[in-house]
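Here's the structure, in structure tokens; my notes come after.
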DNA sequence: CGGCATCCCCCACGATACTG
DNA sequence: CAGTATCGTGGGGGATGCCG
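Here it is as structure tokens:
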């Protein structure tokens, strides 16, 4: 077991960051968490401003593959596909919120540091 | 203000993840946090197995620019450069630990989900 | 409606080499 | 020792178009 060994490529944290660090994951998890239920593909597409069809589908498939998101297909014409968080997915919401709170509290400081640094 | 609007490219969380999500950041922050003091370039290089000189330098500069890491040059021959976490950097350790704990607790479940998914 | 398929670009990252 | 410089590549990601 490589527990705690962030230096190892197999380290859980490193692998998790490889996933949730990807551009759209935290956004989609947040949208599904707030919806408190299911969202359709088009609804997600509208809500996630700026995302391309390709990346939305790709991200959702990745999340489904990881067991974080459930996909339910309604056999109608035209087809309706609904996405929701699994229990595992919901358990990730709290950790993400911690990160979000830190970011909201400290990104201004980071920006400020950056500006000063760049002006030297 | 774009507070809480993860959908906005200017959103703090999104921008933070763009930073700490980068391959080596969490690793270096962890090493500096555990050292409880300063580490030299070569020490970091040895500790962060697999990192290239280039990426180590690049990541450290990025962290310094963001005010998360302090750099202290000892004017000797050969030169000795010491890196440490700033207060801002140290404040990021706790949120990262939350993510790490979630990862350690749940990555097995994710891997399991992935395996099952792939075998269908 | 909910996707794949395709093309293309850019940049994170690695490998190697060189310097004060 | 602690870096820069340069080159090359893989894959993340966008734009567009087609399909059941």
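Chains as they are written, first to last, in full-length UniProt numbering: chain A, 1 to 120; chain B, 1 to 120.
Note that the Cβ used here is the ideal one computed from N, Cα and C, for glycine as well.
- The region 44 to 54 of chain B and the region 107 to 118 of chain B do not touch, with fewer than three beta-carbon pairs separated by less than 8 Å.
- Identification of chain B residues near residue 107 of chain A by a Cβ-Cβ cut-off of 8 Å yields 12, 15, 16, ordered along the chain.
- Under the 8 Å Cβ criterion, the region 90 to 107 of chain B counts as touching the region 10 to 17 of chain A, having at least three qualifying pairs.
- Contact between the region 56 to 70 of chain B and the region 71 to 89 of chain A is absent: fewer than three C-beta pairs spanning the two stretches fall below 8 Å.
- For residue 84 of chain B, the uninterrupted beta strand (DSSP E) run begins and ends at 80 to 85, by DSSP.
- Cβ-Cβ distances below 7 Å link residue 86 of chain A to 67, 68, 69, 70 in the same chain, with the five nearest sequence neighbours on each side left out; the list follows chain order.
- With contacts defined by Cβ atoms closer than 7 Å, residue 21 of chain A and residue 21 of chain B form a contacting pair.
- Identification of chain A residues near residue 83 of chain B by a Cβ-Cβ cut-off of 9 Å yields none; the smallest Cβ-Cβ distance measures about 15 Å.
- For residue 26 of chain A, the closest C-alpha among the options B/91, B/42, B/11 is that of B/11.
- Per the C-alpha coordinates, the member of A/75, A/49, A/72, A/95 positioned closest to residue 24 of chain A is A/49.
- Look at residue 33 of chain A: its C-beta is not under 7 Å from any C-beta on chain B.
- Counting other Cβ atoms within 10 Å of its Cβ, residue 75 of chain A stays below 16 and is therefore classed as exposed.
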